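Enquirer: Protein sequences, first through last, are from chains W and C. Following our numbering, the numbering of the first sequence begins with 1 at its first residue and continues without gaps. Following our numbering, the numbering of the second sequence begins with 237 at its first residue and continues without gaps. Here it is, the structure in full.
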Amino acid sequence: MNIKRDISTNAISSFALSALFVLTLLSILLQHIPQKLSSAGDKLLEINAQEGVANAVTTVVVYFRGFDTLGEIAVLFIASFGIGLMLNFQVQNNQNKVKSNFMLQLGARLLFPIILLFGVYVMTYGHLSVGGGFQGGVIIASAVLLMLVSSNHFQLSHRIITLLETFAGVSYVLIGLIGLIVLDSFLGNFLPHSASQLGLLLSGGIVPIIYIIIGIKVGSEMSLIVQNMLQRSDND
Amino acid sequence: MIGVIILGTLMALIVIAFVAVIEPKLPDAIILSMGIGLGAVVLFVLFQAPDVALTEAVIGTGIGSLIYLMALKHLGERQ
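Below you can see the structure in the form of structure tokens.
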């Protein structure tokens with residue numbers, strides 16, 4: 001009971017402190033509301049119309065801020081690498097794993113291809129509709145997680161995952177370097193991209209290609225993180 | 237009408253977050269944080285940001301919370 005009371009008093013005091021902090025920030029911010037909102041967004045939408053990409057968010061993430069996205073992917077790679085390094089020292093054994101329910105096994109086997117297909121769709125149509133590489137890759141990783149939880153024999157091949165990851169990372173940087181050579185800017189859009197092709201699957205130049213590469217990289221890294229966490233947990 | 241839904245979701249989010257902080261059982265707190273992710277998805281859709289909503293739906297309520305649960309299972313015996 002004593003521990004519980006300590007936790008609740010700590011929680012109440014931290015809640016009150018954070019509420020005070022937010023109120024102070026709001027009172028400072030409310031004095032400086034600009035008269036015209038979202039002028040930068042209007043400019044971005046104007047430039048976006050020339051690029052031939054229907055989804056403006058994709059243009060910002062992949063094209064205008066392509067270098068930042070490369071950095072984000074590097075952060076994800078380092079996180080996956082660290083988890084693998086910390087957790088993978090022990091020998092894995094799946095012998096003492098609890099056998100999962102029959103309904104869970106059947107349902108997971110039924111849902112796995114559907115979720116996988118949805119992930120690939122979100123990844124491929126990222127420049128036309130909602131979604132993109134990050135979302136598609138994470139959806140694929142969630143399908144892998146479902147199979148890992150339900151099935152005793154499902155195992156990702158480390159060699160294939162490493163190949164996919166290396167291929168995606170190298171081709172991202174290579175496309176950026178080709179843009180640097182052809183157009184004098186890193187990740188320059190050197191493929192044809194005209195506004196008349198807006199809404200087609202093959203439109204927007206390098207933007208859909210880069211988003212598919214991001215999807216492959218995010219999907220393989222998140223799947224590897226999930227598999228490492230699950231197998232290490234089984235040993236306890 | 238949409239304003240009422242937004243206000244209700246925000247209030248529910250604040251209540252769930254407060255309960256998640258004072259919850260003494262850690263697995264229940266993680267499941268409550270999944271609920272926060274779900275409310276955030278509703279808010280993102282209402283504010284017309286479906287890209288962010290898709291990411292939050294998969295990471296915030298799915299993989300992220302499950303990684304927390306696995307880490308908790310891993311750390312359980314050391315507490």
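Just so you know, even glycine gets a beta-carbon here, dropped at the ideal spot from N, CA and C. Keep in mind it's a predicted model, so treat the numbers as computed, not measured.
Below 8 Å on the Cβ atoms is my guess for L290/C versus G131/W; work out the distance and round it to an integer in Å.
Expert: Counting from 1 along the second sequence, the entry for residue 290/C is found at position 54. Counting from 1 along the first sequence, the entry for residue 131/W is found at position 131. Going by Cβ atoms, the distance from L290/C to G131/W rounds to 6 Å, so yes, they are a contact pair.
Enquirer: Taking M123/W as part of the alpha helix (DSSP H), name the residues at either end of that continuous run.
Expert: Within the first sequence, numbered from 1, the residue matching residue 123/W stands at position 123. Here the alpha helix (DSSP H) through M123/W covers 102-124.
Enquirer: Give the residues of chain B in contact with G132/W, contact being defined as C-beta atoms less than 8 Å apart.
Expert: No chain B appears in the structure shown, which is made up of the protein chains W and C.
Enquirer: Three-state secondary structure (DSSP) at V218/W?
Expert: As a working note, residue 218/W is residue 218 in the first sequence. Correct three-state label for V218/W: helix.
Enquirer: Between which two residues does the alpha helix (DSSP H) carrying Y304/C extend?
Expert: Position 68 of the second sequence, counted from the first residue, corresponds to residue 304/C. Note, Y304/C: alpha helix (DSSP H), 300-311.
Enquirer: What is the rounded straight-line gap between the Cα of L85/W and the Cα of S27/W?
Expert: The residue labelled residue 85/W in the question sits at position 85 within the first sequence. The residue labelled residue 27/W in the question sits at position 27 within the first sequence. Each residue's alpha carbon lies about 46 Å from the other.
Enquirer: Between I238/C, I241/C, P260/C, A248/C, which has its C-alpha nearest N10/W's C-alpha?
Expert: Position 10 of the first sequence, counted from the first residue, corresponds to residue 10/W. Measuring from the Cα of N10/W, the nearest candidate turns out to be P260/C.
Enquirer: Name the two residues that bound the continuous alpha helix (DSSP H) containing Y172/W.
Expert: Stepping through the first sequence from its first residue, residue 172/W is reached at position 172. Counting along the chain, the alpha helix (DSSP H) containing Y172/W begins and ends at 158-183.
Enquirer: Are the beta-carbon atoms of S223/W and V144/W separated by less than 8 Å?
Expert: Your numbering for residue 223/W matches position 223 in the first sequence. Your numbering for residue 144/W matches position 144 in the first sequence. It is a contact, given that the beta carbons lie within the stated cut-off.
Enquirer: Could you tell me the distance, in whole angstroms, from the CA atom of D236/W to the CA atom of G126/W?
Expert: Mapped onto the first sequence, residue 236/W falls at position 236. Mapped onto the first sequence, residue 126/W falls at position 126. The predicted model places D236/W with a pLDDT of 48, which falls under 50 and marks its position as unreliable; any figure quoted below should be read in that light. The straight-line gap from Cα to Cα measures roughly 41 Å.
Enquirer: Using beta carbons (cut-off 8 Å, strictly below), is F15/W in contact with chain C?
Expert: By 1-based counting over the first sequence, the position of residue 15/W is 15. For F15/W, the answer is yes, since a Cβ of chain C falls inside 8 Å of its Cβ.
Enquirer: Quick one: which chain C residues come within Cβ less than 7 Å of I139/W?
Expert: Locating residue 139/W in the first sequence gives position 139, where the first residue counts as 1. Going along chain C in sequence order, the residues near I139/W (Cβ under 7 Å) are V294.
Enquirer: Checking contacts by CB at 8 Å: is F254/C closer than that to chain W?
Expert: What you label residue 254/C is simply residue 18 of the second sequence in a count that begins at 1. True, the Cβ-Cβ gap to chain W drops below 8 Å.
Enquirer: With 16 other CB atoms within 10 Å as the buried threshold, where does D287/C fall?
Expert: Within the second sequence, the letter at position 51 stands for residue 287/C. Buried, by the Cβ-count rule.
Enquirer: Report back the beta-carbon spacing between I206/W and F190/W to the nearest angstrom; my notes put them in contact at under 8 Å.
Expert: By one-based count along the first sequence, residue 206/W stands at place 206. By one-based count along the first sequence, residue 190/W stands at place 190. I206/W to F190/W, Cβ: 7 Å. Contact.
Enquirer: Count the other CB atoms, across all protein chains shown, that sit within 10 Å of the CB of F134/W; report buried if there are 16 or more and exposed otherwise.
Expert: Numbered from 1 along the first sequence, position 134 holds the residue referred to as residue 134/W. F134/W should be labelled buried.
Enquirer: I'd like to check one pair, T69/W with V75/W: are the Cβ atoms closer than 8 Å?
Expert: As a working mapping, residue 75/W is identified with position 75 in the first sequence. As a working mapping, residue 69/W is identified with position 69 in the first sequence. Going by C-beta atoms, V75/W is not nearer than 8 Å to T69/W.
Enquirer: Compare the beta carbon distance of S129/W and N48/W with 8 Å and say whether it is the shorter of the two.
Expert: Taking the first sequence and counting its residues from 1, the one referred to as residue 129/W is at position 129. Taking the first sequence and counting its residues from 1, the one referred to as residue 48/W is at position 48. In this structure, N48/W does not lie closer than 8 Å to S129/W by Cβ.
Enquirer: Just the chain C side, please: which residues come within less than 9 Å of S194/W by C-beta, in chain order?
Expert: To locate residue 194/W, count along the first sequence from 1; it is residue 194. Those do not exist, as S194/W stays about 24 Å from chain C at its closest Cβ, beyond 9 Å.
Enquirer: State the start and end residues of the unbroken alpha helix (DSSP H) segment that holds K43/W.
Expert: Numbered from its first residue, the first sequence carries residue 43/W at position 43. Unbroken alpha helix (DSSP H) run through K43/W: 39-51.
Enquirer: Please tell me whether L268/C and T245/C are closer than 8 Å, where the distance is taken between their beta carbons.
Expert: By one-based count along the second sequence, residue 268/C stands at place 32. By one-based count along the second sequence, residue 245/C stands at place 9. No, the pair does not count as a contact, with Cβ atoms beyond the cut-off.
Enquirer: Here's a check: name, in chain order, each residue in its chain whose Cβ is nearer than 6 Å to the Cβ of A276/C, leaving out the five neighbours to either side.
Expert: In the second sequence, counting from the first residue as 1, residue 276/C sits at position 40. Around A276/C: E292.
Enquirer: Per DSSP, what kind of secondary structure is F190/W in: helix, strand or coil?
Expert: On the first sequence, position 190 is the one that residue 190/W refers to. Residue state, collapsed to three classes: coil.
Enquirer: Could you give the DSSP three-state label for G25/W: helix, strand or coil?
Expert: Indexing the first sequence from 1 puts residue 25/W at position 25. Position check: residue 25/W holds Leu in this sequence, whereas Gly was assumed. In this structure, L25/W counts as helix in the three-state DSSP scheme.
Enquirer: Considering Cα atoms alone, identify which of L25/W, L87/W, P192/W is closest to Q227/W.
Expert: Translated into the one-based positions of the first sequence, residue 227/W becomes position 227. The shortest C-alpha separation from Q227/W is found at L87/W.
Enquirer: Would you check if the distance between the CB atom of G66/W and the CB atom of I216/W is smaller than 8 Å?
Expert: As a position in the first sequence, residue 66/W is number 66, starting the count at 1. As a position in the first sequence, residue 216/W is number 216, starting the count at 1. For G66/W and I216/W, no; Cβs fall outside 8 Å.
Enquirer: Rounding to the nearest angstrom, what Cα-Cα distance links L273/C and G179/W in this structure?
Expert: For the purposes of this step, residue 273/C is identified with residue 37 of the second sequence, where counting begins at 1. For the purposes of this step, residue 179/W is identified with residue 179 of the first sequence, where counting begins at 1. Checking the sequence shown, residue 273/C turns out to be Gly, not Leu. When rounded, the distance between both Cα atoms is 39 Å.
Enquirer: List in chain order: all unbroken alpha helix (DSSP H) runs of 4+ residues lying wholly within the region 238-310 of chain C.
Expert: Fully enclosed alpha helix (DSSP H) runs of 4 or longer: 238-258, 262-282, 286-291.
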